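These notes are about the structure you will find just below.
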Amino acid sequence: MYAIELDDFDIEQIAQSGQCFRINKTGDNRWTIIAFSRKLNVFQFGTHCGFDCSEDEFLEIWYDYFDLQTDYSKIKQMVKNTGDNYLINAVNFGYGVRVLRQDIWEMVVSYIISQQNNITRIKNIIERICQPFSDKFPTAIDLQNYTILDFQNLGLGYRAKFLFEMVQNVVNKKIILENLETMPYDDLIQYLKQFNGIGDKVANCIALFGLHKTEAFPIDVWMRRIINTKYSGNFDYKQFGKFAGIIQQYMFFYERCGMKK
DNA sequence: CTGCAGGCCCTTA
DNA sequence: TAAGGGCCTGCA
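One gets my numbering by counting positions in the first sequence from 1 and adding 65 to each.
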């Protein structure tokens, strides 16, 4: 168990911020995360955090995964300087939200599945996809012999064709995921949108969660609702530059979880 | 048992 | 460029 004190970090908030489909609460103050072919048990009480792995593994894998190299207090301060009360409330409420650095291929698959879909069903589909691979997320090669019907049988519905095509594109090197990282944000979005099943929203999710392009600002129905009700339909996210995506996470989490409690 | 959920694609005008 | 209908399916 590797123990550490962490500020601006709340695993429960991260799990509920909608960016990850493979974090599950397993008990009081306990969660299990599956990422990068590893399973990690996490304990958190206040700022006391425990990670069920060696220090070496934590520093090698999970430090980066949790985006611990980024100072979120600076982002919060910047938000406070705007004087925008809605954003300030959102940041105060979601004090422990962070943007995880997740695997690009997993994000491509997950967000193709996510369209016009609910969270429970998305998680169940992803679980069924991973089940034959001992819960590790399968590579495109792993899935290359899957047919559209196979994916339909896993519950993807009309999205089965999109995933089938994407698997083939990766296997045939028609798209090389490793090359996406260096693409400028605008080019990246245009490029991703060429593929069937990837529109503006999904492309921005892939850019933000899979490539940590933090200028990405995915607008889904929740974000649209905020923009319409709090900002009269107009929200200039570009003013936040590279912080837009992180601010999006605060807004999204506040909208989804803020009023319940 | 309806209605819909973290959109996208295609067709019209 | 904008607007609108159809789409799989299981969960609320």
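The beta carbon of each residue, even a glycine, is placed where N, CA and C say it ideally should be. In this text the structure is predicted, and so the values were computed from the model without any measurement.
Where the beta strand (DSSP E) containing L253 begins and where it ends
Not the beta strand (DSSP E): L253 falls in the alpha helix (DSSP H), residues Y250 to K258.
DSSP state of I69 mapped onto helix, strand, coil
strand
Measuring alpha carbon to alpha carbon, tell me which of I206, N146 and Y250 ends up nearest K303.
Comparing Cα-Cα distances from K303 to each of I206, N146 and Y250, the minimum goes to Y250.
Please report the residue range of the alpha helix (DSSP H) in which V235 lies.
A225 to V236
Tell me the residue span of the beta strand (DSSP E) that contains I88.
I88 to G92
Can you tell me whether Q259 is buried or exposed, with buried defined as 16 or more other CB within 10 angstroms of its CB?
exposed
Verify whether the separation of the beta carbon atoms of E120 and Y67 is less than 8 Å.
yes
For L219 versus R193, is the C-beta spacing smaller than 8 Å?
yes
Taking M172 as the reference, which of F86, I284 and K307 has the closest Cα?
F86
Span of the beta strand (DSSP E) around Q109:
First-last of the beta strand (DSSP E) with Q109: R103 to F110.
With a threshold of 16 other CB atoms inside 10 Å of the CB of G159, please say whether the residue is buried or exposed.
Buried: at least 16 other Cβ atoms inside 10 Å.
How far does the alpha helix (DSSP H) with W170 in it extend, from its first residue to its last?
Boundaries of the alpha helix (DSSP H) harbouring W170: I169 to S179, taken from the DSSP string.
At the level of alpha carbons, what is the spacing between I254 and C195?
27 Å
Rank C270, F308 and R95 by C-alpha distance to the C-alpha of D136 and give the top, closest one.
F308
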